[in-house]
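Contents: one structure, followed by commentary.
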Amino acid sequence: MGAKQELVRSGDLSRRIGAPVRVSESGAAHDSLFKGRLSWQRLRSGLSLHCSDCIELHDFSTQVEVAPRLSFVLFMAGHSAVCYDDRSLSIAASPKRPEGIAVALTEPATFTRQAQRGTHIRKLSVCLTPEWFESGGFDSHDSLRALVDPQSQHLAMRRWVPTARLLALVELTLNQATENSLLQHLQQESRALELAHGVIAQLTGQAASPPKTQRPHEQKLVQRALELLHSGEADGWSLEQIAAAAGASASTLQRQFQAARGVSVFAYQRQHKLQLARTALLGGGVSIVEAAWLAGYSSAANFATAFRRQFGVSPQAVQKYF
1 MGAKQELVRS
11 GDLSRRIGAP
21 VRVSESGAAH
31 DSLFKGRLSW
41 QRLRSGLSLH
51 CSDCIELHDF
61 STQVEVAPRL
71 SFVLFMAGHS
81 AVCYDDRSLS
91 IAASPKRPEG
101 IAVALTEPAT
111 FTRQAQRGTH
121 IRKLSVCLTP
131 EWFESGGFDS
141 HDSLRALVDP
151 QSQHLAMRRW
161 VPTARLLALV
171 ELTLNQATEN
181 SLLQHLQQES
191 RALELAHGVI
201 AQLTGQAASP
211 PKTQRPHEQK
221 LVQRALELLH
231 SGEADGWSLE
241 QIAAAAGASA
251 STLQRQFQAA
261 RGVSVFAYQR
271 QHKLQLARTA
281 LLGGGVSIVE
291 AAWLAGYSSA
301 ANFATAFRRQ
311 FGVSPQAVQK
321 YF
């Protein structure tokens, strides 16, 4: 995706998606529907990627017919009301609370989405069709159904918890930096497959440290640590201090936090602060030095290095183009 924002018009949607899109009269009355970045990529036979980082400019709805597929959707920010046939789904996410949804369609369905003026949507969707499953020698119908809900014949849905690694991958994918089209395609395909692998591993219980193995008191321990990290109260604390405030030993907290979030306590803290800095840069009104301070860096150069490593783009580029 290019770094510059663009206006997406109602007439652009069918061409971009590759299927007829019906736009409600309230949307068709306006020339432009979105401002930002919106892309659909067919990466290989049966594998596609949809990225959104845009503002909805009006209240309107869209409708499109979708074929059988397994979709993994991760919302980083924004709220959305959608329907698959008569099955409705409401999604709300924020940088602190991203939300993952897996949807398995074993039959064609009508997908309807309601847009709301002023909403900033940041999301990514990876879709695998029966063609993709069959190319690997798998029964597409059984695979689609079993991965989400073995008891469901159609329209199975499951929510999933994104790990820190998956969140970092999503940021890299949404902020594709290279202008080399071949390299971009290869990078996006690689990331889409890694995202699919991570979600499927979690859905099938094959992830290295699935969150569901934690007992209630372990989940509460991790939640207390997250509250300390998110509030900023633990800034400058040692692991022992964070653990004591959360009510556990340092080794227990580190082990349970790693199991729940996929990274260490301090790695998560660094990633969270970088996300806060990115949000501040997107909102405007802060300099690179101020963003570095928000992320806990006294050196703007070190901040820029860490920022690019996490998001795949420099803070200067975010400040200038996003």
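Just so you know, we're using the UniProt record's numbering here: the sequence shown kicks off at 1 and counts up by one. Cβ coordinates follow ideal geometry from the N, Cα and C atoms, glycine included. Nothing here was measured: the structure is a model prediction, and the numbers come from that model.
Mark residue i as exposed unless 16 or more other C-beta atoms lie within 10 angstroms of its C-beta, in which case mark it buried.
| i | result |
| --- | --- |
| LEU169 | buried |
| residue 326 | Because the chain spans 1 through 322 in this model, residue 326 falls outside it and cannot be assessed. |
| PRO162 | buried |
| LYS273 | buried |
| ARG69 | buried |
| ALA292 | buried |
| LEU128 | buried |
| GLY36 | buried |
| LEU195 | buried |
| SER80 | buried |
| LEU182 | exposed |
| GLY18 | exposed |
| THR305 | exposed |
| SER251 | exposed |
| PRO216 | exposed |
| SER90 | exposed |
| SER298 | exposed |
| ALA234 | buried |
| SER10 | buried |
Do residue j and residue i count as a contact pair if the criterion is CB distance below 7 Å?
| i | j | result |
| --- | --- | --- |
| ALA295 | ALA280 | no |
| ASN175 | VAL313 | yes |
| GLU56 | THR119 | yes |
| ASP85 | THR110 | yes |
| LEU253 | ALA244 | no |
| VAL289 | GLN256 | no |
| GLN275 | PRO95 | yes |
| GLY46 | TRP132 | yes |
| ALA104 | ALA67 | no |
| ARG117 | HIS58 | yes |
| PHE311 | GLU171 | yes |
| PHE34 | VAL8 | yes |
| SER26 | PRO20 | no |
| ALA93 | ALA115 | no |
| SER88 | PHE60 | no |
For residue i, I'd like the list of residues in its chain whose CB is within less than 8 Å of its CB, leaving aside the five on either flank, ordered along the chain.
| i | result |
| --- | --- |
| ARG165 | GLY198, GLY262 and VAL263 |
| GLN214 | VAL222, GLN256, ALA259 and ALA260 |
| ALA248 | LEU221 and GLN256 |
| GLN271 | ALA164, LEU167, ALA168, VAL263 and GLN310 |
Excluding the five sequence neighbours on either side, which residues of its own chain have a C-beta within less than 6 Å of the C-beta of residue i, listed in chain order?
| i | result |
| --- | --- |
| VAL286 | ALA280 |
| ALA267 | none |
| ARG16 | TRP40 |
| GLN319 | LEU281 |
| SER209 | Per-residue confidence for SER209 stands at a pLDDT of 44, beneath the threshold of 50, marking its modelled position as unreliable; no derived number is given. |
| HIS154 | THR106 and GLU107 |
| ARG22 | GLN63 |
With respect to 6 Å, is the separation between the Cβ of residue i and the closest non-hydrogen atom of the ligand ATP below this value?
| i | result |
| --- | --- |
| ARG15 | Among the components of this structure there are no ligands whatsoever, and the ligand ATP is therefore not found. |
Excluding the 5 residues preceding and the 5 following residue i in the sequence, name in chain order all residues of the same chain whose CB lies nearer than 7 Å to its CB.
| i | result |
| --- | --- |
| GLN269 | LEU229 |
| VAL265 | ALA225, LEU239, ILE242, LEU253, GLN254 and PHE257 |
| MET1 | Confidence at MET1 is low in this model, with a pLDDT of 41, below 50, so the placement of that residue should be treated as unreliable; the coordinate-derived value is given next. So the qualifying residues of the chain are ARG37, SER39, CYS51 and GLN176. |
| THR173 | CYS51, LEU124, GLN188 and ARG191 |
Three or more C-beta pairs under 8 Å: does that hold for the region 39-51 against the region 120-132?
With the rule of 3 Cβ pairs closer than 8 Å, the region 39-51 counts as touching the region 120-132.
Does the count of Cβ pairs from the region 71-81 and the region 30-43 closer than 8 Å reach three?
Three or more Cβ pairs closer than 8 Å define a contact, and the region 71-81 falls short of that threshold against the region 30-43.
Runs of 3 residues minimum, wholly inside the region 64-135: which ones carry the beta strand (DSSP E) assignment?
Taking only runs of at least 3 residues, the beta strand (DSSP E) segments lying wholly in the region 64-135 are 69-84, 87-93, 99-105, 109-115 and 120-128.
Touch check for the region 182-195 and the region 32-43: three-plus C-beta pairs under 8 Å?
Verdict: yes, contact present.
Hey, which unbroken runs of the alpha helix (DSSP H) at 4 residues or more fall wholly within the region 170-206?
Runs of the alpha helix (DSSP H) lying entirely within the region 170-206, each at least 4 residues long, are 181-203 in chain order.
Go through the region 20-63 residue by residue and report every complete run of the beta strand (DSSP E) that reaches 3 residues or more, in order.
Counting only unbroken stretches of 3 or more residues, the beta strand (DSSP E) elements lying wholly within the region 20-63 are 21-23, 32-44 and 47-56, in sequence order.
I'd like the ranges of any alpha helix (DSSP H) spanning at least 4 consecutive residues and lying wholly in the UniProt domain "HTH araC/xylS-type" (223-321).
Restricting attention to alpha helix (DSSP H) runs no shorter than 4 residues, the UniProt domain "HTH araC/xylS-type" (223-321) encloses them at 239-246, 250-261, 265-283, 288-294, 300-311 and 315-321, ordered along the chain.
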